[in-house]
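Peer 1: Sharing a structure with you now.
Numbering (mature numbering (1 follows the signal peptide of the UniProt record, and there is no 0)), first residue to last: -20 to -1, 1 to 528.
As structure tokens, then:
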């Protein structure tokens, strides 16, 4: 990317070889680009590197992939090669960036990271990087260069011109954001007429396969309408336009998870029995055309840790679900006025397979329940299809047609691994046959990596064997969970499960949220005779949490 009307001086011209890169490799790249349809006068070599459109570097692998792809539309916006959804975090190493360049790099990374994409973006040093892009400064350049993805990875380097210092932080942010766009597969929005943003210049060439229009974005470019215009102005803000965001969402949007909360103090509870109430939760605003998986937690100011049923899903449909709550003497008036009970919920499509969220459901009426004692059953849930290499955090709810609101254990996670987990359910006289044939019990589950730090999803786990439990009465403990690292400015919705090696299936309270704030929440867990020492040393109890 270069300033409007600025001409780049290059050391090697199109179809000229003999630079730093081996001639045969350089020649193959150029030859592949010509075969792919790029105009010869728009292909340049500079110090052994091959560029199209003046700032998009093409590697040998990327040029070969262009020839391997099939035909597609002859419009613009992205390359054939994109970043694989297996990459969950793209890091940028800008160790040499200082002053305005360092600030601009942080802002450019933030432009991507604040969107709900399949990948997070962070500056090094950072943990969990799937791929690292090196950012370097060329003091003799006024603009920037980068390359296109290949082999499912972003291009590995962006070069930013040191002469950009004359424009200030916003313009530098704009150029860095633009070059990062190339690394994940974006073409110039005015590739077909560089004169739109540059004042002069021709068609970069769509190659038939190398400039694919992204649905929902304009097919014509205007000055200032996209951060991916070929040339920049001195008045750039550095921010994405609406069409830029549409393009990113089309290519890399994370799963469409919908969430909500019923009104605190005014939830439409209905009486069900002397000790029960129910609620029909309306999720029609999510716009699902098929029934999603629902996951819940219960909020309030008192009592909810001793209730049951909040994570038992009834009557799921594309537009909602029902929950029943059991608590001695409960009424809708008490639930609202005295306890302020409300339901936090999230809805996610079934069978998602994304790096940051994987979902599933066991077979309704044919779940592989196994007998456990006279009042228990258990289930080993297979999540191998998610493809996790490390153990994720698991969150669950229980579905069925009857009885599940009075069971316990569905959100207690045992034996978690990269390929699955186990749950135990407690219910008087339960058998696998009854669970399937009479009740239709099944498990809805989702798996997310630990320690995610995304604007729309943050996850964590308290220390196994060293969770900071505090005593609460003779049969209770509580825990204040710190989520400050998520960086939320408003209170998110919290969802939890309890992990450990023993006993948690017979506890209650782990999915009852107290005192939620942008920086944390509290839970109380009820279990006969429990102490903090027993919870840690004997049972290894800990809390898995996600915040949306």
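Where a beta carbon is used, it is the ideal one built from N, C-alpha and C, also for glycine.
Rounding to the nearest angstrom, what Cα-Cα distance links residue 524 and residue 203 in this structure?
Peer 2: 48 angstroms
Peer 1: Counting only the same chain and skipping the five closest in sequence on each side, list residues whose C-beta sits under 7 angstroms from that of residue 469.
Peer 2: 498
Peer 1: Checking the sheet assignment: what are the DSSP bridge partners for residue 460?
Peer 2: The partner list for residue 460 (beta bridge, DSSP) reads 502.
Peer 1: Does the segment 59 to 68 come close enough to the segment 76 to 83 that 3 or more CB-CB pairs lie under 8 angstroms?
Peer 2: no
Peer 1: Three-state secondary structure (DSSP) at residue 422?
Peer 2: strand
Peer 1: Between the C-alpha atoms of residue 352 and residue 129, what's the straight-line distance to the nearest angstrom?
Peer 2: 51 angstroms
Peer 1: For residue 290, write down the residues that DSSP places opposite it in a beta bridge.
Peer 2: According to DSSP, residue 290 bridges with nothing at all.
Peer 1: Pull the bridge partners of residue 101 from the DSSP assignment, please.
Peer 2: Under the DSSP definition of a beta bridge, residue 101 partners with 70.
Peer 1: Which residues does DSSP list as the beta-bridge partners of residue 392?
Peer 2: 478
Peer 1: Beta-carbon separation of residue 405 and residue 389 under 8 angstroms?
Peer 2: yes
Peer 1: So for residue 115, helix, strand or coil by DSSP?
Peer 2: For residue 115, the three-state secondary structure derived from DSSP is strand.
Peer 1: Between 273, 325, 283 and 321, which has its C-alpha nearest residue 332's C-alpha?
Peer 2: 273
Peer 1: Where do the ends of the alpha helix (DSSP H) carrying residue 223 lie?
Peer 2: 222 to 232
Peer 1: Assign residue 302 to one of three DSSP states: helix, strand, or coil.
Peer 2: It is a strand residue.
Peer 1: With distance defined between alpha-carbon atoms, name the residue in 487, 501, 520 and 493 nearest to residue 509.
Peer 2: 487
Peer 1: Suppose you measure from the CA of residue 531 to the CA of residue 280; what does that come to, to the nearest Å?
Peer 2: The question about residue 531 has no answer here: the residues shown for the chain are numbered -20 through 528.
Peer 1: Are the CB atoms of residue 347 and residue 430 within a distance shorter than 8 angstroms?
Peer 2: no
Peer 1: Cutting at 7 angstroms between CB atoms, please list the residues of its own chain near residue 153, excluding the five before and the five after it.
Peer 2: 84, 87, 88 and 218
Peer 1: Figure out for me which residue from 158, 112, 312 and 143 has the closest Cα to the Cα of residue 137.
Peer 2: 112
Peer 1: Measuring alpha carbon to alpha carbon, tell me which residue in 364, 365 and 350 is nearest residue 358.
Peer 2: 350
Peer 1: Alpha helix (DSSP H) containing residue 81: first to last residue?
Peer 2: 79 to 93
Peer 1: Distance check for residue 221 and residue 146, CA to CA, integer angstroms please.
Peer 2: 24 angstroms
Peer 1: On the three-state DSSP scale, how would you describe residue 75?
Peer 2: coil
Peer 1: Count the C-beta pairs between the segment 314 to 323 and the segment 243 to 250 that are closer than 8 angstroms, then say yes if the count reaches three, no if not.
Peer 2: yes
Peer 1: Below 8 angstroms, how does it come out for the segment 383 to 401 and the segment 465 to 485: are there three or more Cβ pairs, yes or no?
Peer 2: Three or more Cβ pairs drawn from the segment 383 to 401 and the segment 465 to 485 lie within less than 8 angstroms of each other, which places the two stretches in contact.
Peer 1: Under 8 angstroms, do residue 212 and residue 303 count as touching if we go by C-beta distance?
Peer 2: no
Peer 1: Between the C-alpha atoms of residue 517 and residue 447, what's the straight-line distance to the nearest angstrom?
Peer 2: One alpha carbon belongs to residue 517, the other to residue 447, and they sit about 10 angstroms apart.
Peer 1: Return the bridge partner residues of residue 333 from the DSSP annotation.
Peer 2: According to DSSP, which records beta bridges pairwise, residue 333 is partnered with 338.
Peer 1: Report the CB separation of residue 474 from residue 489 in whole angstroms; it is logged as a contact under 8 angstroms.
Peer 2: Going by Cβ atoms, the distance from residue 474 to residue 489 rounds to 14 angstroms, so no, they are not a contact pair.
Peer 1: Tell me whether residue 450 is buried or exposed, calling it buried when 16 or more other Cβ atoms sit within 10 Å of its Cβ.
Peer 2: By the neighbour-count criterion, in which 16 or more other beta carbons inside 10 Å mark a residue as buried, residue 450 falls on the exposed side.
Peer 1: Out of curiosity, what's the CA-to-CA distance linking residue 323 and residue 236?
Peer 2: Going from the Cα of residue 323 to the Cα of residue 236 covers about 20 angstroms.
Peer 1: Taking residue 94 as the reference, which of 459, 433 and 496 has the closest Cα?
Peer 2: 433
Peer 1: With a cut-off of 8 angstroms on the beta carbons, I'd call residue 377 and residue 424 a contact; round off their distance for me.
Peer 2: 5 angstroms
Peer 1: Just curious, the alpha helix (DSSP H) that residue 160 is in, first and last residue?
Peer 2: 149 to 163
Peer 1: So what does DSSP say about residue 528, is it helix, strand or coil?
Peer 2: Three-state DSSP puts residue 528 in coil, outside helix and strand.
Peer 1: In the DSSP assignment, find the alpha helix (DSSP H) that holds residue 256 and state where it starts and stops.
Peer 2: Per DSSP, residue 256 belongs to no alpha helix (DSSP H); it is in the beta strand (DSSP E), 256 to 262.
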